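Some notes on the structure that comes next.
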Amino acid sequence: MHALDYLGVVWLMSSIESWAQTNTPEPSRYLSVDPQTLGRLRILRVGDVELQLDGHRLLVRGKPVHLANKEFVILRQLMDNAGRVVTRCALLDNAWGPDRADARNYLEVHIRRLRTKIESDVDRPTRIRTVRGVGYIFDLPQDDGVRHAVATPSTGVPSPR
């Protein structure tokens, strides 16, 4: 091995190391452990829709419903922001990441599938509504005299809405 070959290997290794450091996500961005929530089941509940975050389970009117991984990610983001519009871009970024060029139609397909699993009438959705030109909203239940609880993801303790 010549000296120039050795320098090339050193340069290549430092380039790979540099790339790995810049392209490896921070663990804290994806993992958050709150000591107060250890041992508790974290649940998002809006009306009769309950999403169990730790168990990756969906209950609609008390009955378990199967969710694909992307459906779970999309539904969690919508329920985390219940009552607020979530833009298409935010949903795409969260579910497919920045390289989401081909995912635009996928989002609409997954929203349609979620509606078939959650809505009473898929053609007239009352929970997951489209906000034209913007995105989607997971509507809070209409005031029916019953207080509905939404669990906060950080504590898992229901707060009245």
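Heads up, the numbering used here is the position in the sequence shown plus 46, with the first residue counted as 1.
From the three backbone atoms N, C-alpha and C, an ideal C-beta is built for every residue, glycine too.
Quick caveat: nothing in here was measured; it's all calculated off a predicted structure.
- Message: What does the alpha-carbon distance come out to for the pair V177 and G101?
- Response: 30 Å
- For P187, which of helix, strand or coil comes out of DSSP? coil
- Message: Using 8 Å as the threshold, is the C-beta distance between L121 and L137 below it?
- Response: no
- Message: Tell me the rounded alpha-carbon separation between G179 and V92.
- Response: 25 Å
- Query: Going by beta carbon distance, what residues of the same chain come within less than 6 Å of W142, once the five residues before and after it are set aside?
  - Reply: A149
- Item | Identity of the residues DSSP links to L104 by a beta bridge | L97, V111
- Message: According to DSSP, is V119 part of a helix, a strand, or is it coil?
- Response: helix
- In chain order, what residues of the same chain have a beta carbon less than 8 Å from the beta carbon of V79, not counting five sequence neighbours either side? Because the pLDDT of V79 is 47, which lies under 50, any placement of that residue in the model is unreliable, and the number read from its coordinates should be weighed accordingly. Closer than 8 Å at Cβ, skipping near neighbours: no residue.
- How far does the alpha helix (DSSP H) with V155 in it reach, from first residue to last? 150-164
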